[in-house]
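In UniProt numbering, the protein residues as written are 1 to 127.
Ideal placement from N, C-alpha and C gives every residue a C-beta, glycine not left out.
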C-alpha cells in the first residue's frame, strides 16, 4: 500500500481572511472555492501542499494550546530564516518563538497564523 499526502484541512472563523493571510504572507495561491456568499471552503496551493480552509460555524471550539496531541503545527521551509522572520514581523505577523538552533544545520522559529494556527519556519543547512 502506498500513501501520498493529499491535503491539510484547516477550520477558520473567516475562511476568506485566513486564505488571504496564507497568500499574502507565504505566497500561497488560491486554486478554488466551494460555495459563495458565504464561502464554505477556500482551496490553496501552499508550496505544493493543498490546503483546505473551511468556514467554521460560530460554535466551533478554538485551537488547543500547544503543546497538544494531534496535529500541532505546519512547517514551512525557508532558505534564510532571519530574512523570513524579519519580513513576516514587518508585516505584523506575531512571533511565538524566535530563532533557535535545533541541531547541526537546523534552525527554527514559530509564528502565529489565523485562528491561533502555529506555523514553523525551518532553515536546513548542509553541514
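Taking the Cβ atoms as the reference, residue 122 lies roughly 5 Å from residue 75, within the contact range of under 8 Å. Pairing residue 96 with residue 1, the inter-Cα distance amounts to about 38 Å. The bridge partners DSSP lists for residue 9 are 52.
By the C-beta density criterion, residue 27 is exposed, having fewer than 16 other C-beta atoms within 10 angstroms.
Looking at the DSSP output, residue 100 bridges to 108. Proximity to residue 44 across 19, 110 and 55 peaks at 19, based on C-alpha coordinates. Here residue 34 is exposed: its Cβ has fewer than 16 other Cβ atoms, across all protein chains shown, within 10 Å.
Annotated three-state conformation of residue 34 is strand, per DSSP. With a cutoff of 7 Å on beta-carbon distance, residue 105 and residue 125 are scored as near each other.
Note that the C-beta distance between residue 71 and residue 10 is not below 7 Å. The beta carbon of residue 41 sits closer than 6 Å to the beta carbons of 34, 52 and 54 from its chain, once the five residues preceding and following it are set aside; these are given in chain order. Distance between residue 8 and residue 50, taken at the CA atoms: about 6 Å.
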